[in-house]
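Top to bottom, those sequences are chains A and B. Numbering-wise (UniProt numbering), the first sequence opens with residue 1 and increments by one. Numbering-wise (UniProt numbering), the second sequence opens with residue 1 and increments by one. In this text, a Cβ means the ideal position worked out from N, Cα and C, and glycines have one as well.
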Amino acid sequence: MNMLGRFFRDIIKNKAMLLMVLPGTIWFFFFSYLPMAGTIISFKEYRYSRDGFLASILESKWVGLDNFKFLFSTNDAYIITRNTVLYNGAFIILGLIFSVGLAIILSEIINKRLSKSYQTAIFMPYFLSWVIVGYFVFSFLSLDKGLLNQILSYVGIDPINWYSESKYWPYILVMINMWKLIGYNSVIYLAAVIGIDKSLYEAAMIDGANKWRQIRHITIPMLIPLMTILTLLAVGRIFYADFGLFYQVPRDSGMLYSVTNVIDTYVYRGLKTSGEIGMSTAAGLYQSVVGFTLVILSNYIVRKFNKDNALF
Amino acid sequence: MSKNKTKTRDFQRLSPAWNIVFNIIAAVVAFVCVFPFLFVLIISFTDENTLAKNGYQLIPEKWSVEAYRYIIETGESLMRAYSVTIFITVVGTIVSLIFITLYAYAISRKSFKYRHFFSFVALFTMLFNGGLVPTYIVVTQVLHLKDNIWALILPMTVNAFYIMIMRTFFSTMIPDAIIESGRIDGASELQTFVRLVLPLSLPGIATIALFNTLGYWNDWFNALLYIDKPGLVPLQAMLMRIESSMQFIMQNSTNASLNTGILQTMPQDTSRMAMVVLATGPIILAYPFFQRYFVQGLTVGAVKE
Chain A
1 MNMLGRFFRD IIKNKAMLLM VLPGTIWFFF FSYLPMAGTI ISFKEYRYSR DGFLASILES
61 KWVGLDNFKF LFSTNDAYII TRNTVLYNGA FIILGLIFSV GLAIILSEII NKRLSKSYQT
121 AIFMPYFLSW VIVGYFVFSF LSLDKGLLNQ ILSYVGIDPI NWYSESKYWP YILVMINMWK
181 LIGYNSVIYL AAVIGIDKSL YEAAMIDGAN KWRQIRHITI PMLIPLMTIL TLLAVGRIFY
241 ADFGLFYQVP RDSGMLYSVT NVIDTYVYRG LKTSGEIGMS TAAGLYQSVV GFTLVILSNY
301 IVRKFNKDNA LF
Chain B
1 MSKNKTKTRD FQRLSPAWNI VFNIIAAVVA FVCVFPFLFV LIISFTDENT LAKNGYQLIP
61 EKWSVEAYRY IIETGESLMR AYSVTIFITV VGTIVSLIFI TLYAYAISRK SFKYRHFFSF
121 VALFTMLFNG GLVPTYIVVT QVLHLKDNIW ALILPMTVNA FYIMIMRTFF STMIPDAIIE
181 SGRIDGASEL QTFVRLVLPL SLPGIATIAL FNTLGYWNDW FNALLYIDKP GLVPLQAMLM
241 RIESSMQFIM QNSTNASLNT GILQTMPQDT SRMAMVVLAT GPIILAYPFF QRYFVQGLTV
301 GAVKE
């Protein structure tokens, strides 16, 4: 009773703060925690019930791991996992090289106003939606009107039906993703370059180090902690694909699914197109569980490097 | 002395030749980044017949403003999509800011006994989520938001990452003494927050507001999931729907007899691109002004408590 009394006293004492977290907590309940509980339907054969969400879940039949067994018995699980991980891997590696390179180039350009203008232009694609980017890409790749096929026919090559030839898409998607995100990442690295202690460069100059040596022996080493952290955090998210890139840019073209289907698009199509609720929930849960493990693991490694930069 | 000075400068700066090389590289990348937008802009001003004959060209044979004229004349659905987008952007950003700042402020306060618990409640959602399907079921069957404008707002209201950014901001930028002074003056917690803390937190709030505004303006995913009613479709989702056919733009039109005629004479290809320009325009125009806050926000996000 005493404990209960103290509990209520604490509640009253903290009531202003509790009221402040209330809206957010309600939101988290409905949009995060209830869906987490809802993953239970990946172990069920989902049947929609008129009596609402709870009834739908309770009345659906348990099927154990059948949904997972079915998912992993098809080739789909392999393809979507491979696509997701390989694309993200390419994005991480190439993104790191290009954005660090670009950040160093931008920081070294003597005319700062020019450098700022370049930055503004390079950062721009980040602010556009994938739908818009999809149109941009279409203006280049359209079979009969696209710029690329016009150039090809100009040099005497037959036009290519881009939206049905899967072999080009791994390159196209990597390029488009670089195009959209390189500005964002190089701005982060640029901020770090600008933050490097100037006295380090002065000391290097006194030792007679030229600009190249300064870049190699000061700038890059000073960026390594940030590179490590951003890379590890990206690795932690390697199981999550950018839905817009893989859905909008290839215009949802069925002929390209073998190279554009990732976990996120698979789950979406399972929900909206084929209606395989149980199996797509299972695929989503598979993504969340592996993703969770990877985040924990990468955060653990980040902590080893630098406690301040860890997520938790 | 002066000789020494020039020598130092030589070391400090890139050699002129390399400076030119670096400028060329950066300029090429910058050009590649803006070129597609310019290209779509050109296409939107191309004459439809020229386009049908020659394809998308950098320098069209014949220019035309026909596409824009048609959009404005039959603009009902574009206007509606614009107003849906503006509504969700404004309301969404405001609601979002209220939820996020209140939550973040509470968990930043050391005097709040349950701050660790509520920090965990937020943080855990960054690590694990139920996935798309259960979320979809909750939104449509528990909250019954299918074909409701709030389905475009609520799913994006709170984001644990923004809460963490704001919490860091509050705990590093707001001195305890200020909060203390509020208490001495007899202000309630909420009054202290609104009158003393918020005015000092405007840079942080501006950053979060920008992230939110951009997120709502560019969102098409929630519309793809939850919206079938043509009248509730936001700009980006409308662009998605006219990808294959301009039919959609007519669905809203009240004048049914007008529809088929217009659709036949409508410069379809160019007006599609004109819509892309009109949807992107506001962002591109506003972007140079808010870029600074964005960069600032990215660097705030990199610092942690």
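Spatially closest choice to residue i from the options, by CA coordinates
i, options, result
"residue 306(A)", "135(A), 224(A), 104(A)", "224(A)"
"residue 48(B)", "34(B), 35(B), 67(B), 94(B)", "67(B)"
"residue 271(B)", "69(B), 23(B), 58(B)", "69(B)"
"residue 134(A)", "157(A), 179(A), 113(A)", "179(A)"
"residue 98(B)", "198(B), 72(B), 13(B)", "198(B)"
"residue 87(B)", "234(B), 286(B), 269(B)", "234(B)"
"residue 186(A)", "52(A), 8(A), 94(A), 18(A)", "94(A)"
"residue 217(B)", "83(B), 25(B), 74(B), 207(B)", "83(B)"
"residue 203(B)", "231(B), 166(B), 182(B)", "166(B)"
"residue 55(B)", "248(A), 226(A), 143(A)", "143(A)"
"residue 231(A)", "140(A), 105(A), 188(A)", "188(A)"
"residue 290(B)", "211(B), 228(B), 242(B), 269(B)", "211(B)"
"residue 176(A)", "158(A), 120(A), 248(A)", "248(A)"
"residue 330(A)", "213(B), 237(B), 72(B), 20(B)", "Since the first residue shown for chain A is 1 and the last is 312, residue 330(A) is missing from the structure and cannot be characterised."
"residue 69(A)", "288(A), 240(A), 282(A)", "282(A)"
"residue 41(B)", "284(B), 293(B), 294(B)", "284(B)"
"residue 261(A)", "124(A), 82(A), 98(A)", "82(A)"
Where residue i falls, given that 16 or more other Cβ within 10 Å makes a residue buried
i, result
"residue 274(A)", "exposed"
"residue 28(B)", "exposed"
"residue 321(A)", "The structure shown does not extend to residue 321(A), since chain A is modelled only from 1 through 312, so no value can be given for it."
"residue 154(A)", "exposed"
"residue 193(A)", "buried"
"residue 5(B)", "Note that residue 5(B) has pLDDT 44, beneath the 50 cutoff, so the model's placement of it is unreliable and the number below is only indicative. So residue 5(B) counts as exposed."
"residue 293(A)", "exposed"
"residue 252(A)", "buried"
"residue 24(A)", "buried"
"residue 96(B)", "buried"
"residue 288(B)", "exposed"
"residue 90(B)", "exposed"
"residue 180(B)", "exposed"
"residue 62(A)", "exposed"
"residue 291(A)", "buried"
"residue 270(A)", "buried"
Helix, strand or coil at residue i according to DSSP, with G and I counted as helix
i, result
"residue 243(B)", "coil"
"residue 63(B)", "strand"
"residue 56(B)", "coil"
"residue 7(B)", "Unreliable positioning characterises residue 7(B) in this predicted model, as indicated by a pLDDT of 45, which lies under 50. A coordinate reading is not provided."
"residue 69(A)", "helix"
"residue 217(A)", "helix"
"residue 252(A)", "coil"
"residue 116(B)", "helix"
"residue 174(B)", "coil"
"residue 134(A)", "helix"
"residue 273(A)", "coil"
"residue 306(B)", "This structure does not reach residue 306(B), given that chain B is present from 1 up to 305, and the question cannot be answered."
"residue 6(A)", "helix"
"residue 220(B)", "coil"
"residue 283(B)", "helix"
"residue 32(A)", "helix"
"residue 267(B)", "coil"
"residue 182(B)", "helix"
"residue 28(B)", "helix"
"residue 257(B)", "For residue 257(B), the pLDDT reaches just 49, beneath the cut-off of 50, and the residue's location in the model is therefore unreliable, although a value from the coordinates is still provided. Looking at residue 257(B) - three-state DSSP - the assignment turns out to be helix."
"residue 154(B)", "helix"
Boundaries (first-last residue) of the alpha helix (DSSP H) holding residue i
i, result
"residue 302(A)", "277-305"
"residue 79(B)", "76-108"
"residue 88(A)", "76-108"
"residue 205(B)", "202-217"
"residue 233(B)", "Careful: residue 233(B) lies outside any alpha helix (DSSP H) and carries neither H nor E."
"residue 202(A)", "198-206"
"residue 174(A)", "169-194"
"residue 162(A)", "Note, residue 162(A): premise wrong, no alpha helix (DSSP H); not H, not E."
"residue 121(A)", "112-123"
"residue 129(A)", "Per DSSP, residue 129(A) belongs to no alpha helix (DSSP H) and is neither H nor E."
"residue 153(A)", "147-154"
"residue 49(A)", "Per DSSP, residue 49(A) belongs to no alpha helix (DSSP H) and is neither H nor E."
"residue 39(A)", "Residue 39(A) -> no alpha helix (DSSP H), and no H or E assigned at all."
The ligand ATP heavy atom lying under 8 Å from the CB of residue i
i, result
"residue 108(A)", "Summarising the ligand content, the structure contains no ligands, and the ligand ATP is consequently not present."
For residue i: DSSP bridge partner residues
i, result
"residue 44(A)", "62(A)"
"residue 46(B)", "63(B)"
Where residue i meets chain D, residues with beta-carbon distance less than 7 Å
i, result
"residue 243(B)", "Checking the listed chains, one finds no chain D in this structure; the protein chains it contains are A and B."
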